[in-house]
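Just so you know, we're using the numbering used here here: the sequence shown kicks off at 147 and counts up by one. Where is the CB? At the ideal position from N, CA and C, for every residue including glycine. In this text, all values refer to a predicted model and were calculated from it rather than measured experimentally.
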Amino acid sequence: MLFCQEGDHQQSEIIGVCLNNVCSKQGLCCFYCFKMFHLNHIHDIMNFKDFINWKKRKEQTFNIFKENINQLQQCTKLLSDFISEIVIIDEQVENQSYQNLTKEIKHLIIIDQLEKSIMNKLSELASLIPPLKLEIQQLKSSRGIYIFQKGQYQIKNESFSGSIDCISQQGYSEERIIQIDSIVIPIQKQQLNFTFSNKNKHEDILISYQGKEAKSSSIFIQTRYVICNELITENSFARIKVQCGESVSIGVCLQNITFQQMKPYEAILDGAYILNNEGVITTYPKDLKYSEQKFCGIGFGDIIIVEVNMRDKKITWINKTAKNKIFVFFIFFYQNLIINENVQGLYFIFGLTSNVFDSSFLKII
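Below you can see the structure in the form of structure tokens.
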């Protein structure tokens with residue numbers, strides 16, 4: 147496990163690598179580095195598992211590059227040795243000896259053959275040398291030169307934990323603003339009428355009131371999930387407000403989430419960020435599970451607002467009843483949207499956990 151060496155981040159685990167060639171903080175980064183330095187070039191951030199594979203590919207490419215240079219050097223030496231044997235005497239022909247002139251004629255014939263074959267190719271190569279030299283000088287002076295060394299990385303946890311900031315105060319109206327020194331991507335506010343899905347849900351969950359209410363019909367203590375019908379698209383802002391019963395979970399998940407037939411009480415939560423009634427946010431990146439408690443719990447009757455800002459890669463939970471707010475950034479979670487062509491956005495997801503005394507419910511208001 148690696149820890150950040152940037153400022154006061156020493157206790158923060160390294161979660162990825164910035165590969166932006168003009169970023170002043172390129173290289174290893176923790177969550178706080180990501181939030182402070184890399185939000186305006188998120189596509190250049192790579193997690194460790196992908197970085198290790200990327201490094202191997204670049205090392206192979208670099209080995210091929212070195213082999214090509216070796217071949218060029220061998221060819222240059224061969225040509226140098228060859229032309230060193232060709233001697234043209236700077237003397238008038240009539241003053242040369244019979245033997246020297248005979249030898250020179252042979253060399254001139256070789257030059258004629260070179261002119262018809264190799265010289266043309268060398269001229270083309272020579273024309274590439276000035277811009278090639280310029281590119282090499284630019285690379286040498288660039289910060290983006292990587293030296294590959296043989297070795298292995300041993301990463302204890304390659305998942306992105308989604309480090310959390312928590313605000314607990316008398317009011318929640320004050321917003322945190324992140325300044326990004328780059329082109330501002332316009333955000334599109336989606337005016338969606340969110341409803342619970344009758345299709346993407348556990349069979350024990352009942353949907354009523356035109357998709358606005360979900361209720362668990364089972365007395366067994368397991369969490370069942372339901373997803374909203376409406377898709378949250380890229381560079382958009384979506385907001386949903388719900389009234390909660392006992393033991394509910396609220397979050398977002400990838401578009402391609404599906405429910406397992408063999409595990410009737412769980413969903414495949416790969417990529418989900420879910421806040422439960424005990425105030426624990428659990429992330430499920432790439433089949434790994436990470437939880438961190440940073441929030442007040444969700445009580446019976448609480449009004450919860452969930453906001454998803456796809457431009458800033460930010461999820462915010464607001465407990466309007468308790469007047470608390472918490473948010474997380476979802477950098478590696480978002481990379482799934484880029485890599486997987488079948489995923490076009492996110493969905494709100496809700497979990498209902500019943501018990502023997504009462505069933506859990508949710509209302510969209």
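Item                                                                                              : Value
Alpha carbon of Q278 to alpha carbon of C164, nearest angstrom                                    : Position check: residue 278 holds Leu in this sequence, whereas Gln was assumed. Looking at the two C-alpha atoms, the distance is approximately 27 Å.
Continuous alpha helix (DSSP H) stretch holding L247: start and end                               : 244-262
Coil, strand or helix - I373 by DSSP                                                              : strand
Backbone secondary structure at F441 - three-state DSSP                                           : coil
S500 beta carbon less than 8 Å from that of I373                                                  : no
C-alpha gap between C390 and I351, whole angstroms                                                : 15 Å
Inter-residue Cα distance where the pair is H189 and F342                                         : 32 Å
Residues bridged to A360 [DSSP beta-bridge criterion]                                             : I353, L508
Contacting residues, own chain, Cβ-Cβ under 6 Å from G512 (five flanking each side not counted)   : For residue 512 there is no data in the structure shown, the boundaries of the chain being 147 and 511.
Residue burial classification, Y355 (beta-carbon count within 10 angstroms, cutoff 16)            : exposed
In DSSP terms, what Q389 is bridged to                                                            : I449, K509
For T499, the residue or residues it bridges with in DSSP                                         : T369
Closest Cα partner of V452 within the set F507, C442, V388, G491                                  : V388
CA-to-CA distance, K181 to Q157, given in whole angstroms                                         : 16 Å
G443 to N423 span [Cα, whole Å]                                                                   : 5 Å
Selection from F149, F473, N167, I210 that minimises the alpha carbon distance to C179            : F149
Three-state secondary structure (DSSP) of S226                                                    : helix
Close Cβ partners of K509 (< 7 Å) along its chain, the five nearest in sequence each way excluded : K358, E359, V388, Q389
Q284 versus N166 - alpha carbon distance                                                          : 16 Å
Residue range of the beta strand (DSSP E) that includes M182                                      : Taken as a continuous stretch (DSSP letters only), M182 belongs to no beta strand (DSSP E), being part of the alpha helix (DSSP H) at 177-183.
Cα-Cα separation between L247 and T222, rounded to whole angstroms                                : 28 Å
Through-space distance from S506 to K201, alpha-carbon basis                                      : 48 Å
Distance, I282 Cα to K345 Cα                                                                      : 58 Å
Rounded C-alpha distance that separates I495 from I472                                            : 17 Å
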